[in-house]
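Participant: The structure under discussion is supplied below as structure tokens; questions concerning it will follow.
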Amino acid sequence: MLRVRFAPSPTGYLHIGSARTFIFNWLYARRNRGTMILRIDDTDVDRNTQASLDSIFDGLKWLDLDWDEEYYQSQRGDLHRQMAWAIFERGLAYRDFTPAATAEEKEHAGAGWLCNPGMRELSAEESQRRADAGEPFVLRFRVPREGSLAVEFQDAVYGEQSKLAADIEDFALLRSNGVPTYHLASCADDLDLRISHIIRGQDHLTNTFKHVLIFEALGAKPPQFAHLPLLIAPDGSKLSKRKHGPVVSVTTYRDAGFLPHAYINFLCLLGWSPKDNREQLTREELILAFSFDGIHRHNAVVNFTDEDPIDPKAMWLNAELIRTLPVEELARQMLPFACAAGLRADPGKMLRVAPLVQERIKTLRDVASMADFFFVDELAPYDPAELVPQKGDRAMALGVLQAARNILQEAVFSHAGLEAALRGGAEQLKIKVGQMFQPIRVAVCGRKNAPPLFETLEVLGRETCLKRIEKAIEMLQGDHASTTERG
RNA sequence: GGCGCUAUCGUCUAACGGUUAGGACGGAGCCCUCUCAAGGCUUAAAUAAGGGUUCGAUUCCCUUUAGCGCUACCA
Numbered sequence: 157m158l159r160v161r162f163a164p165s166p167t168g169y170l171h172i173g174s175a176r177t178f179i180f181n182w183l184y185a186r187r188n189r190g191t192m193i194l195r196i197d198d199t200d201v202d203r204n205t206q207a208s209l210d211s212i213f214d215g216l217k218w219l220d221l222d223w224d225e226e227y228y229q230s231q232r233g234d235l236h237r238q239m240a241w242a243i244f245e246r247g248l249a250y251r252d253f254t255p256a257a258t259a260e261e262k263e264h265a266g267a268g269w270l271c272n273p274g275m276r277e278l279s280a281e282e283s284q285r286r287a288d289a290g291e292p293f294v295l296r297f298r299v300p301r302e303g304s305l306a307v308e309f310q311d312a313v314y315g316e317q318s319k320l321a322a323d324i325e326d327f328a329l330l331r332s333n334g335v336p337t338y339h340l341a342s343c344a345d346d347l348d349l350r351i352s353h354i355i356r357g358q359d360h361l362t363n364t365f366k367h368v369l370i371f372e373a374l375g376a377k378p379p380q381f382a383h384l385p386l387l388i389a390p391d392g393s394k395l396s397k398r399k400h401g402p403v404v405s406v407t408t409y410r411d412a413g414f415l416p417h418a419y420i421n422f423l424c425l426l427g428w429s430p431k432d433n434r435e436q437l438t439r440e441e442l443i444l445a446f447s448f449d450g451i452h453r454h455n456a457v458v459n460f461t462d463e464d465p466i467d468p469k470a471m472w473l474n475a476e477l478i479r480t481l482p483v484e485e486l487a488r489q490m491l492p493f494a495c496a497a498g499l500r501a502d503p504g505k506m507l508r509v510a511p512l513v514q515e516r517i518k519t520l521r522d523v524a525s526m527a528d529f530f531f532v533d534e535l536a537p538y539d540p541a542e543l544v545p546q547k548g549d550r551a552m553a554l555g556v557l558q559a560a561r562n563i564l565q566e567a568v569f570s571h572a573g574l575e576a577a578l579r580g581g582a583e584q585l586k587i588k589v590g591q592m593f594q595p596i597r598v599a600v601c602g603r604k605n606a607p608p609l610f611e612t613l614e615v616l617g618r619e620t621c622l623k624r625i626e627k628a629i630e631m632l633q634g635d636h637a638s639t640t641e642r643g
């Protein structure tokens with residue numbers, strides 16, 4: 157039975173790299189009818205926060221990712237300790253009574269430190285006596301030192317891995333307060349939960365040698381390993397909240413108006429490729445296409461800048477996916493973003509607006525800036541000079557708006573009716589249609605760039621259109637101070 | 001410092017000894033067009049450097065350079 161796990165430590169919000177690790181685990185599980193396990197690695201009690209835990213669940217929920225089993229490492233301490241002492245019983249671990257080194261001391265000892273002097277060789281009797289006397293100790297793994305022994309494992313992504321045991325230090329299994337370390341707890345749980353494949357970040361690649369040692373000390377065959385290349389910043393550094401801010405948090409993309417699947421799609425394309433030039437894949441296609449063969453061995457850059465925290469490719473994928481949405485669905489999804497922006501949007505109106513903005517917005521949140529004028533009583537102030545069309549003047553703008561006022565009073569308010577009437581108007585005034593439409597567009601939308609005119613007028617309705625045109629005419633007539641002309 | 005990993009357009013990537021080194025995003029240009037988009041077409045842009053192996057290297061080996069990771073009683 158194939159079993160994989162995602163094991164975040166709740167010490168920060170859900171990081172996009174973590175989200176990707178979850179997704180790859182999930183894809184692999186779903187691809188092979190395996191079991192997806194969420195295991196909260198909360199052994200570091202000092203750094204755990206509830207907010208972080210909430211963030212992990214919120215993020216996964218938003219991405220609509222599910223799991224089959226859920227565990228908390230902190231509740232499994234007894235099991236971990238039991239396994240640690242089992243290793244001790246086999247003589248593969250020993251008590252180290254050396255006081256914790258200060259940061260400064262570690263700095264000095266850093267180069268090639270393998271173990272603290274004297275502790276490996278302590279006799280069983282003395283070790284026991286000092287422990288009984290209450291002297292604190294950490295339990296360390298006794299890494300074999302004989303000859304040129306190498307620790308080896310096969311990584312599904314990085315291939316054959318080998319490291320001399322002589323280069324591995326005697327790492328801790330149990331802290332002096334009795335709490336298991338990550339290495340121990342992780343392996344103990346992987347074993348107990350019968351994890352078959354460990355899919356995780358490449359930052360654990362060298363840790364894996366220690367884990368292999370632990371598994372073997374426990375008399376178990378290590379699971380299969382597959383390490384994932386990391387997500388990094390454009391300058392090559394690791395993505396960190398302090399340095400890179402919102403780009404590292406999944407919630408940023410949710411709040412920016414991303415479709416969950418667009419973001420999953422984007423994340424999957426970092427460090428993995430279906431190798432057939434496909435860029436846009438549905439969830440089912442991703443599941444079907446996923447395999448370790450397509451995973452890279454080098455890190456992938458998330459392409460953002462100080463000005464724009466969103467990778468352009470992510471943006472493109474999102475815009476593409478938005479265009480495929482049924483309008484009802486799009487309208488439903490945009491509504492909360494419009495309301496959050498303070499617009500008086502309702503489902504009925506949004507449904508009529510949706511087709512007009514669908515191919516113009518890149519994120520759901522863009523509806524607020526793209527379609528605001530549909531949802532306000534009063535247009536935001538704009539420069540009357542905007543009303544003047546290309547190669548025209550204020551007189552032309554005024555003429556157009558006055559003609560439009562008359563036309564729109566009479567016209568049938570449908571796409572075809574409006575188009576016929578307004579094109580006719582341009583003909584009568586002997587001006588280009590662009591010159592005819594632009595002043596009307598600005599008058600009803602309050603800006604020069606907007607959705608197509610006839611549909612816009614239709615949705616706005618006769619009354620609103622006439623009111624706004626009237627207002628624009630007043631602005632042109634009253635605004636003698638401004639002499640801006642358009643060339 | 002030691003150990004491990006990595007290196008194709010600006011970015012994401014394809015190639016698994018023989019290609020004019022392909023695609024996508026982004027950029028530039030043209031077309032379409034009532035503005036903005038969308039769409040169509042065109043275009044610039046890469047094998048880190050140096051050695052081998054080979055008839056032939058992006059591809060295999062070595063060195064250099066650069067980046068990343070581990071080197072904690074963090075995970």
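Going by the numbering used here, the first residue of the first sequence is number 157, and it counts up by one from there. No residue lacks a Cβ here, since even glycine has one placed at the ideal position from N, Cα and C. As the structure is a prediction and not an experimental result, all values here were calculated from the model.
Nearest to ILE478 by alpha carbon, out of PRO537, GLN489, LYS469?
Facilitator: Considering only alpha carbons, the answer is GLN489.
Participant: Quick one: complete alpha helix (DSSP H) runs, 4+ long, within the segment 292-379?
Facilitator: For the segment 292-379, whole alpha helix (DSSP H) runs of length 4 or above, ordered along the chain, are 338-348, 363-373.
Participant: Quick check on the burial criterion: 16 or more other C-beta atoms within 10 angstroms. Buried or exposed for ALA637?
Facilitator: Confidence at ALA637 is low in this model, with a pLDDT of 47, below 50, so the placement of that residue should be treated as unreliable; the coordinate-derived value is given next. With fewer than 16 Cβ atoms within 10 Å of its Cβ, ALA637 is classed as exposed.
Participant: According to DSSP, simplified to helix, strand and coil, what is LEU557?
Facilitator: Of the three classes helix, strand and coil, the one that applies to LEU557 here is helix, per DSSP.
Participant: Using a threshold of 9 Å, state whether the C-beta atoms of ARG597 and THR612 are closer than that.
Facilitator: In this structure, THR612 lies closer than 9 Å to ARG597 by Cβ.
Participant: Should LEU349 and ARG203 be called a contact, given that it needs their Cβ atoms to be closer than 9 Å?
Facilitator: Not closer than 9 Å, so no.
Participant: Compute the Euclidean distance between the alpha carbons of HIS454 and LEU425, then round it to the nearest angstrom.
Facilitator: The straight-line gap from Cα to Cα measures roughly 13 Å.
Participant: Going straight from the alpha carbon of ARG618 to that of ARG161, what length do you get?
Facilitator: One C-alpha to the other measures close to 59 Å.
Participant: What did DSSP end up calling SER405 once you bin it into helix, strand or coil?
Facilitator: If DSSP states are grouped into helix, strand and coil, SER405 belongs with the strands.
Participant: With 16 other CB atoms within 10 Å as the buried threshold, where does PRO166 fall?
Facilitator: It is buried - the Cβ of PRO166 has at least 16 other Cβ atoms within 10 Å.
Participant: Considering only DSSP beta bridges, list what ASP252 is partnered with.
Facilitator: Beta-bridge pairing links ASP252 to VAL294.
Participant: Skipping 5 residues on each side, what residues in its chain have a beta carbon closer than 8 Å to that of SER352?
Facilitator: Excluding positions up to five away in sequence, the list reads MET157, LEU158, ARG159, VAL160, GLY190, PRO379, GLN380.
Participant: Of the residues SER525, PRO492, ILE193, which one's Cα is nearest the Cα of ASP346?
Facilitator: Per the Cα distances, ILE193.
Participant: Considering only C-alpha positions, which residue in the set LEU543, PRO492, LEU369, GLU484 is nearest to GLN514?
Facilitator: The shortest C-alpha separation from GLN514 is found at GLU484.
Participant: From the DSSP output, in three-state form, read off GLU641 for me.
Facilitator: Residue confidence is low: GLU641 scores 43 on pLDDT, short of 50, so the model does not pin down where it sits. Its coordinate-derived value is still stated next. Correct three-state label for GLU641: coil.
Participant: At 3 residues or longer, and completely inside the segment 380-430: list those beta strand (DSSP E) runs for me, N to C.
Facilitator: Here the runs fully enclosed are 380-384.
Participant: Tell me which residue opens and which closes the alpha helix (DSSP H) that ALA600 is part of.
Facilitator: Reading the sequence as shown, one finds Val at residue 600 and not Ala. From DSSP, the alpha helix (DSSP H) with VAL600 extends over 589-601.
Participant: Helix, strand or coil for VAL568 per DSSP?
Facilitator: Correct three-state label for VAL568: coil.
Participant: Per the DSSP calculation, VAL457 is bridged to which residue(s)?
Facilitator: According to DSSP, which records beta bridges pairwise, VAL457 is partnered with ILE388.
Participant: How should GLN594 be labelled, buried or exposed, when 16 other C-beta atoms within 10 angstroms of its C-beta is the threshold for buried?
Facilitator: It counts as buried.
Participant: Note the first and the last residue of the continuous alpha helix (DSSP H) segment covering TYR227.
Facilitator: Taken as a continuous stretch (DSSP letters only), TYR227 belongs to no alpha helix (DSSP H), being part of the beta strand (DSSP E) at 225-228.
Participant: Can ARG276 and ARG246 be called in contact, C-beta distance under 9 Å?
Facilitator: Cβ atoms of ARG276 and ARG246: not closer than 9 Å.
Participant: Are there three or more Cβ pairs, one per stretch, closer than 8 Å when the segment 299-319 is compared with the segment 353-367?
Facilitator: Result yes; three or more Cβ-Cβ pairs closer than 8 Å.
Participant: By Cβ distance below 6 Å, which residues in the same chain neighbour THR640 in space, the five residues on each side in sequence not counted?
Facilitator: Note that THR640 scores a pLDDT of 47, beneath 50, so its modelled location is shaky; the value from the coordinates is reported in the next line. ALA541.
Participant: Take ALA559 as the anchor and find which of ARG550, ASP198, GLN584 has the nearest alpha-carbon.
Facilitator: If we check each option's Cα against that of ALA559, GLN584 comes out closest.
Participant: Smallest Cα separation from PRO482: which of LEU491, VAL458, ALA510?
Facilitator: Nearest C-alpha to PRO482: ALA510.
Participant: Do ALA606 and GLY529 count as a contact pair if the criterion is CB distance below 9 Å?
Facilitator: Checking the displayed sequence, the identity of residue 529 turns out to be Phe instead of Gly. Against a cut-off of 9 Å, the Cβ pair of ALA606 and PHE529 comes out as a contact.
Participant: Does DSSP classify VAL160 as helix, strand or coil?
Facilitator: Residue state, collapsed to three classes: strand.
Participant: Quick one: give me the first and last residue of the beta strand (DSSP E) that ARG195 is part of.
Facilitator: Note, ARG195: beta strand (DSSP E), 191-196.
Participant: Whose C-beta lies closer than 7 Å to the C-beta of HIS236 among residues of the same chain, with five residues either side of it excluded?
Facilitator: The residues are PRO336, LEU340, ALA341, ALA344.
Participant: Sort TYR338, ASN333, LEU248 by Cα distance to ARG296 and report the nearest one.
Facilitator: Taking only the C-alpha atoms, the option nearest ARG296 is LEU248.
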